[in-house]
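**Q** These protein sequence lines map, in sequence, to chains D and U. Convert by adding 6 to the 1-based position in the first sequence; the result is the number in the numbering used here. Convert by adding 19 to the 1-based position in the second sequence; the result is the number in the numbering used here. Could you have a look at this structure, given as structure tokens, before my questions?
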Amino acid sequence: MNLSDSKKKLAIAGIICGLIAAVLAKMGNPANMAMCIACFVRDTAGALKLHSAAAVQYARPEVIGIVIGAFAISLATKEYRSTAGSSPMIRFILGMIIMIGSLAFLGCPLRMVLRMSAGDLNAWVALIGFAAGVATGAFFLKKGFSLGRAHETNFASGTILPILMAGIFVLSVCTTLLAASEKGAGPGALHAPIAVSLIAGLLFGAVAQKSRMCFAGSIRDIILVRSFDLISVIAGLFVVMLVFNIATGGFHLSFTGQPVAHSAHLWNILGMYAVGFAAVLAGGCPLRQLVLAGQGSSDGAVTVLGLFVGAAVSHNFGLAGAAAAAATADKPATAGGVSTAGQVAVIICIAACFLIALTNKRKGTK
Amino acid sequence: MKEVDARGLSCPEPIMMTAEALKQTKGPVKVLVSEPHQRTNVEKYAKDHGKKVTVREKGSEFEIVIE
Numbered sequence: 007m008n009l010s011d012s013k014k015k016l017a018i019a020g021i022i023c024g025l026i027a028a029v030l031a032k033m034g035n036p037a038n039m040a041m042c043i044a045c046f047v048r049d050t051a052g053a054l055k056l057h058s059a060a061a062v063q064y065a066r067p068e069v070i071g072i073v074i075g076a077f078a079i080s081l082a083t084k085e086y087r088s089t090a091g092s093s094p095m096i097r098f099i100l101g102m103i104i105m106i107g108s109l110a111f112l113g114c115p116l117r118m119v120l121r122m123s124a125g126d127l128n129a130w131v132a133l134i135g136f137a138a139g140v141a142t143g144a145f146f147l148k149k150g151f152s153l154g155r156a157h158e159t160n161f162a163s164g165t166i167l168p169i170l171m172a173g174i175f176v177l178s179v180c181t182t183l184l185a186a187s188e189k190g191a192g193p194g195a196l197h198a199p200i201a202v203s204l205i206a207g208l209l210f211g212a213v214a215q216k217s218r219m220c221f222a223g224s225i226r227d228i229i230l231v232r233s234f235d236l237i238s239v240i241a242g243l244f245v246v247m248l249v250f251n252i253a254t255g256g257f258h259l260s261f262t263g264q265p266v267a268h269s270a271h272l273w274n275i276l277g278m279y280a281v282g283f284a285a286v287l288a289g290g291c292p293l294r295q296l297v298l299a300g301q302g303s304s305d306g307a308v309t310v311l312g313l314f315v316g317a318a319v320s321h322n323f324g325l326a327g328a329a330a331a332a333a334t335a336d337k338p339a340t341a342g343g344v345s346t347a348g349q350v351a352v353i354i355c356i357a358a359c360f361l362i363a364l365t366n367k368r369k370g371t372k
Numbered sequence: 020m021k022e023v024d025a026r027g028l029s030c031p032e033p034i035m036m037t038a039e040a041l042k043q044t045k046g047p048v049k050v051l052v053s054e055p056h057q058r059t060n061v062e063k064y065a066k067d068h069g070k071k072v073t074v075r076e077k078g079s080e081f082e083i084v085i086e
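Below, the structure is given as structure tokens:
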């Protein structure tokens, strides 16, 4: 079945993904974090001990499921193509930038939309930065930006990331080798039951593969080709989560008191600016990169590795944003925000995006 | 016939190259792509612009003729 040939079908795909997210929210995933690629890759990087932030270590079956779900559906529908060779190291860096920017804001574009649907005004502010970043990327695409062609490779090359993901899952279930946040330690300790998370991830990955769901692509296509196709997927997801949040009392229209969020507006804007810019240069948002990797793209897989390393760098060097916290019995309230090191990192990320955008042109364009 | 070789390129380059070729010529345009999602994108773009589209599978790649 082709899910991507009409706006109606695309909106239905978005609604299905919204329902999956609602189930995950209900079953125990962290607040306004039913599904977040940046957060969940970060947690998985923590489980693998690439960083040791005790609050955010857990091998998230959702991320694993998305890659394997996209892999399985692309094999079943003959859309699997093992490809590689489109500037892999630049894609690796773009993956790192996407993660560092996302963690400054505390969420990937997918979580930004979930936070928006819960009334978190900080996410609406961040959307300004994200859209501006996408627009900047689109500007360079118009000028002839390209990372070059990928070429077909041996079938096996594209299977590596799905196999590694399956390996992480086996280790997380069958051994005690991986780290896991202890109860009460933070978002890493909050999760839906493993089976629910895995099935949700598999379904989400399959639907995302068929619908080409992409948060950066949806805004990019409006700017470049006046196409509202991809935004209809996001709209479907947003509406379902909005209804869910209102129905379950999770909707609060405010800047403060939002779960795992801060109100450093400038850094929310600049963090998501870097994400939007880098995602357009890389040909897709973090979710899309997981799906591309699942359907055989080694370039997508390298971008995903960049996400993992970006998460490790963010937490090992204190670049990630700190969430605002209300006062408790033994601690005063904190406003949260982005550390000086984190601010410098975001600026470097944006500068790196411009450098990459200016130095990579499609052959034959000026 | 004008030919556009968009094989192996990332989104949205195939569509942008197709759009540019359609602007430059009145005659038919042949677009080569290697990924199924690029095929759908180009096909849909052309149909949305009132063109007739024929797609042929060539091995693992696609040849799309737009007229």
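Built from N, CA and C at the ideal position, the CB exists for glycine as well.
(1) Got a sec? Which residues, its chain only, sit under 8 Å from GLN215 (chain D) by beta carbon, not counting five neighbours each side?
(2) Assuming ALA317 (chain D) contacts ALA17 (chain D) (C-beta within less than 8 Å), just tell me the rounded distance between them.
(3) Does any C-beta atom of chain U lie closer than 8 Å to the C-beta of THR89 (chain D)?
(4) Determine the burial state of HIS197 (chain D): buried for a count of at least 16 other Cβ atoms within 10 Å of its Cβ, exposed for fewer.
(5) Taking a Cβ distance cut-off of 7 Å, strictly less, list which residues of the segment 272-299 of chain D are near chain U, in chain order.
(6) Would you mind telling me which residues of chain U sit closer than 9 Å to ARG218 (chain D), beta carbon to beta carbon, in chain order?
(7) How would you write the range of the alpha helix (DSSP H) that ASP24 (chain U) sits in, first residue to last?
(8) Taking ARG75 (chain U) as part of the beta strand (DSSP E), name the residues at either end of that continuous run.
(9) Any residues in the segment 32-49 of chain U with a beta carbon nearer than 9 Å to a beta carbon of chain D? Which ones, in chain order?
(10) Does any residue of chain U have a CB that is nearer than 8 Å to the CB of VAL73 (chain D)?
(11) For LYS70 (chain U) and THR346 (chain D), what's the separation of their Cα atoms in angstroms?
(12) Looking only at DSSP bridge pairs, what is SER238 (chain D) linked to?
(13) Could you spell out where the alpha helix (DSSP H) holding LYS66 (chain U) opens and where it closes?
(14) From the DSSP output, read off the bridge partner residues of LEU51 (chain U).
(15) Can you have a look at GLN295 (chain D) and say buried or exposed, based on whether 16 or more other CB atoms are within 10 angstroms of its CB?
(16) Answer with buried or exposed for PRO338 (chain D), where buried requires no fewer than 16 other C-beta atoms within 10 angstroms of its C-beta.
(17) Using a Cβ-Cβ cut-off of 7 Å (strictly less than) and excluding sequence neighbours within five positions of GLU86 (chain U), which residues of its own chain qualify?
(18) Out of curiosity, what's the CA-to-CA distance linking ALA137 (chain D) and THR309 (chain D)?
(19) Thinking ARG26 (chain U) and ARG368 (chain D) are a contact (beta carbons under 8 Å), I'd like their distance in whole angstroms, please.
(20) Select from D:VAL62, D:PRO168, D:VAL239 and D:LEU133 the residue whose C-alpha is nearest the C-alpha of ALA14 (chain D).
(21) Which residues of the segment 94-106 of chain D have a Cβ closer than 9 Å to any Cβ of chain U? Give them in chain order.
(22) Residues in the same chain with beta-carbon distance under 8 Å from ILE237 (chain D), minus the five sequence neighbours each way, listed in chain order, please.
(23) Hey, is SER178 (chain D)'s beta-carbon within less than 8 Å of any beta-carbon in chain U?
(24) Quick one, which of D:LEU30, D:PHE46, D:ALA40 and D:SER108 has its alpha-carbon nearest PHE283 (chain D)'s?
(25) Are ALA206 (chain D) and GLY24 (chain D) touching if we call contact CB-CB under 8 Å?
(26) Quick one, which of D:PHE250, D:SER152 and D:THR182 has its alpha-carbon nearest LEU30 (chain D)'s?
(27) In terms of alpha-carbon separation, which member of D:ALA335, D:LEU120, D:ALA341 and D:ILE134 lies closest to GLY263 (chain D)?
(28) Return the CA-CA distance between ASN366 (chain D) and THR142 (chain D), expressed in angstroms with no decimal places.
(29) Across the segment 168-187 of chain D and the segment 64-84 of chain U, are there enough close Cβ pairs to call them in contact, namely three or more that are closer than 8 Å?
(30) By alpha-carbon positions, which one of D:ALA129, D:ALA212 and D:ALA44 ends up nearest to ALA389 (chain D)?
(31) By alpha-carbon positions, which one of D:ALA326, D:VAL62 and D:ILE353 ends up nearest to MET105 (chain D)?
(32) Which value, in whole angstroms, describes the spacing of the CA atoms of SER92 (chain D) and PHE161 (chain D)?
(33) Can you find a CB in chain D that lies within less than 8 Å of the CB of GLY27 (chain U)?
(34) On the premise that ALA90 (chain D) lies in contact with SER304 (chain D), defined as a C-beta separation below 8 Å, what is that separation, rounded to the nearest angstrom?
(35) Taking the C-alpha atoms as reference points, what is the distance between GLY135 (chain D) and LEU112 (chain D)?
(36) Tell me the rounded alpha-carbon separation between ASP49 (chain D) and LEU230 (chain D).
**A** Let's see:
(1) Once the five neighbours on either side are set aside, the close Cβ partners of GLN215 (chain D) are GLY75, ALA76, ILE79, SER80, GLU85, VAL297, GLY300 and GLN301.
(2) In fact, because the Cβ distance is near 32 Å, the residues do not count as touching under 8 Å.
(3) Taking Cβ atoms only, chain U reaches closer than 8 Å to THR89 (chain D), which makes this a yes.
(4) Buried.
(5) Near chain U, meaning a CB-to-CB distance below 7 Å, the residues of the segment 272-299 of chain D are GLY289 and GLY290.
(6) Residues of chain U with a Cβ closer than 9 Å to the Cβ of ARG218 (chain D) are, in chain order, CYS30, HIS56, THR59 and ASN60.
(7) Per DSSP, ASP24 (chain U) belongs to no alpha helix (DSSP H); it is in the beta strand (DSSP E), 21-24.
(8) First-last of the beta strand (DSSP E) with ARG75 (chain U): 72-77.
(9) Those would be GLU32, ILE34, MET35, MET36 and ALA38, in chain order.
(10) Not an interface residue.
(11) When rounded, the distance between both Cα atoms is 54 Å.
(12) Per DSSP, none; premise fails for SER238 (chain D).
(13) Run containing LYS66 (chain U): 55-67, per the alpha helix (DSSP H) assignment.
(14) Per the DSSP secondary-structure output, LEU51 (chain U) pairs in a beta bridge with U:ASP24 and U:GLU82.
(15) Taking all protein chains in view, the Cβ of GLN295 (chain D) is crowded by 16 or more other Cβ atoms within 10 Å, so the residue is classified as buried.
(16) Label assigned to PRO338 (chain D): exposed.
(17) Sequence-distant partners of GLU86 (chain U) (beyond 5 residues in either direction) whose C-beta falls short of 7 Å from its own C-beta, in its chain, are PRO47, LYS70 and LYS71.
(18) Each residue's Cα considered, the two are about 21 Å apart.
(19) The pair is not a contact, with the Cβ atoms about 13 Å apart (cut-off 8 Å).
(20) Checking the sequence shown, residue 14 (chain D) turns out to be Lys, not Ala. Closest option to LYS14 (chain D), Cα to Cα, is D:VAL239.
(21) Residues: none.
(22) The residues are SER224, ILE225, ASP227 and ILE228.
(23) With 8 Å as the cut-off, SER178 (chain D) does not count as an interface residue toward chain U.
(24) Closest option to PHE283 (chain D), Cα to Cα, is D:SER108.
(25) No.
(26) A check of alpha carbon separations from LEU30 (chain D) across D:PHE250, D:SER152 and D:THR182 identifies D:PHE250 as the nearest.
(27) The shortest Cα separation from GLY263 (chain D) among D:ALA335, D:LEU120, D:ALA341 and D:ILE134 belongs to D:ALA341.
(28) If I take the Cα positions, the gap works out to 15 Å.
(29) The segment 168-187 of chain D makes no contact with the segment 64-84 of chain U; the number of CB pairs closer than 8 Å stays below 3.
(30) With chain D covering only 7 through 372, there is no way to say anything about residue 389 (chain D).
(31) With distances taken between Cα atoms, MET105 (chain D) lies closest to D:ALA326.
(32) SER92 (chain D) and PHE161 (chain D) have their alpha carbons spaced roughly 17 Å apart.
(33) Interface residue, yes.
(34) In this structure SER304 (chain D) touches ALA90 (chain D) by the C-beta definition: roughly 4 Å separates them, less than 8 Å.
(35) When rounded, the distance between both Cα atoms is 14 Å.
(36) Note on geometry: alpha-carbon atoms of ASP49 (chain D) and LEU230 (chain D) lie some 35 Å from one another.
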